[in-house]
Each structure stands twice: as C-alpha cells, then as structure tokens.
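When the sequence shown is numbered by our numbering, its final residue is 213 and no position is left out of the sequence of numbers.
Worksheet: one structure, shown below.
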Amino acid sequence: HDLRIPLVSIVGALQAIEGEDEAPLSAVQRRGLLDNALSEAERLNRLLGNLLQISSLDSGSLRLKLEPNDISDVISVLPFDVQIPVDAPFVLCDILLVQQVLINLLDNARKYAPGEEPRLEIETAAEHVIFCFQDFGPGIPASDQDKIFERFYRSDQSSDRTTGMVRLGNVAGTGLGLSICQGLIEAQGGRIWLAESQRGSRFCFSLPIANP
Ligand code: ADP
C-alpha cells in the first residue's frame with residue numbers, strides 16, 4: 002500500500018504529460034502534476050531508505066563508527082537552542098546515526114504536535130547521558146504506548162489529554178520511524194523509551210558516556 006500509492010501517482014502524472022498531444026494541459030495543471038510526482042518520489046525514496054536501514058539492522062550489517070563525541074556536536078542538527086549541562090561528558094556513539102534519531106523525533110513532533118516547537122533536555126547519569134525530546138502535542142494514548150516502537154505500528158488516533166479531543170490519525174507515515182530509532186540507539190548500547198509527561202509526548206534515549 003505504502004509503495005503502491007506513490008508509484009500510482011507518479012505513473013499517472015507521467016502518463017498525463019506524455020499524452021499531452023491528445024489532451025493538452027494548462028501550465029498550472031502540468032506544474033501541479035510534476036510537484037505531486039516529485040513529492041511522491043521523495044516519499045518513496047524515504048520509505049525505501051528506511052526499509053534498507055531496517056534490513057541492515059536486522060542482518061547486523063549496519064557499520065557503526067563509535068567514537069567519543071561532544072554533545073554540542075551531536076545536537077548541532079537541531080534547529081533550536083539546547084541547554085547542555087556544564088561539565089557534560091562526551092558520549093560514545095556514531096554521530097550520524099544519533100543525528101538521524103534526533104531528526105526522526107523532530108519530524109514526528111512537527112507532524113503530530115505542530116504549533117509549539119519541541120524541546121530537547123539533557124541529563125547526565127552515572128554511566129549514560131539521557132536525551133529527552135519533549136513536544137506539546139496531543140500525546141500518545143495509554144493503550145498505544147507499548148506498541149509505538151513496533152515496526153509498521155501507527156496509532157490511528159491521539160487523544161488530547163488537556164481538552165479530551167480526539168484527533169484522527171490523518172498524518173502520512175509508515176510506522177517505521179520509531180522502530181528505526183530503537184534499532185539505531187540499541188545498536189549503540191543505549192535505550193529508547195516513552196517517558197511520563199504532564200503534557201505532550203516525551204521520548205527519551207540514553208547513550209553511554211565515553212569514559213565513565
Ligand atoms: P509514522 O510517523 O510513520 O507513523 P513512527 O514509527 O515514527 O511512524 O510513529 C509511530 C506512531 O507513533 C505514529 O503513527 C503516531 O501515532 C505515534 N507518534 C509518534 N510520535 C508522536 C508524537 N510526537 N506525538 C504523538 N504521536 C506520536
């Protein structure tokens with residue numbers, strides 16, 4: 002289904018453009034078809050990228066480049082300021098993979114909790130650094146909380162705990178993002194979980210300290 006729909010719209014757009022001699026298109030129609038085909042092709046590309054990453058996680062062929070990293074470098078992909086504790090240690094991780102997790106969590110926050118920008122909070126524990134990604138959206142219903150990290154699982158509704166409103170899950174997605182985040186973090190010796198929070202969703206993950 003997820004592979005099919007984008008392909009159908011790409012093929013449809015190309016056929017309409019190819020058949021222009023018989024059924025001319027206006028400039029606006031042609032642009033609309035091209036824009037749609039391009040965004041569907043990009044979606045397909047992201048989906049295939051996710052599937053390839055899942056298969057490299059499953060087969061153990063994911064090559065990790067574990068090295069001590071400064072937290073400020075790790076979080077430099079985020080478009081907002083983050084408070085880093087003074088004396089924060091280096092973390093042992095593959096920086097690109099952790100940045101991919103941060104981007105996935107940011108994308109989810111923007112999709113499911115639009116409006117207010119999310120926040121990243123960082124805490125140091127004995128042997129780990131804990132990164133908590135907090136958003137201010139509808140949160141995740143209790144009945145779904147233990148399933149959201151499963152591959153292909155998507156919650157079909159999120160209830161807003163402050164207003165009691167139920168929002169139907171009409172946001173596009175494949176249910177792969179969080180399972181990939183889990184695979185990437187666990188491959189680096191960390192853990193990822195959904196934490197308790199008064200408002201919105203709070204995703205936390207830990208990474209080992211480089212020289213505890
Ligand atoms: P996708 O976003 O493609 O559906 P994910 O694995 O990233 O897949 O997320 C699984 C499900 O978890 C989503 O379908 C959504 O229901 C829920 N979810 C993830 N992040 C959030 C969030 N920040 N707020 C509310 N619900 C979320």
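Ideal Cβ placement from N, Cα and C applies to all residues, glycine included.
Note that the structure is a prediction, hence the values are computed from the model and not measured.
Taking non-hydrogen atoms of the ligand ADP into account, the C-beta of Ala14 is found less than 7 angstroms away from none of them. Per DSSP, the beta bridge partners of Phe132 are Ile123, Phe206. Counting every other CB atom within 10 Å of its CB across the protein chains shown gives Gly140 a total of 16 or more, marking it as buried.
With contacts defined by Cβ atoms closer than 8 angstroms, Ile181 and Phe206 do not form a contacting pair. Closest in C-alpha terms to Cys94, from the list Arg120, Leu49, Leu67, comes Leu67. Counting C-beta pairs with one atom in each stretch, the stretch 137-154 and the stretch 108-117 have three or more that are closer than 8 angstroms, which means they touch.
If you look at Val9, you'll find it in the alpha helix (DSSP H) that goes 5-19.
Between the alpha carbons of Leu98 and Val9 lies a distance of about 32 angstroms. Spanning the alpha carbons of Glu122 and Gly50 requires a straight line of approximately 29 angstroms. Contact between the stretch 5-20 and the stretch 40-59 is present: 3 or more CB-CB pairs across the two stretches fall below 8 angstroms. At a Cβ-Cβ threshold of 8 angstroms, Gln199 and Phe150 do not count as neighbours. Restricting attention to Ala127, Cys133, Thr125, the CA atom closest to the CA of Leu103 is found in Cys133. Pro7 has its Cβ no nearer than 7 angstroms to any heavy atom of the ligand ADP. DSSP places Asn70 in the strand class (E or B) of the three-state scheme. Look at Ile193 here: in three-state DSSP terms it is strand. Taken through DSSP and simplified to helix, strand or coil, Val102 comes out as helix.
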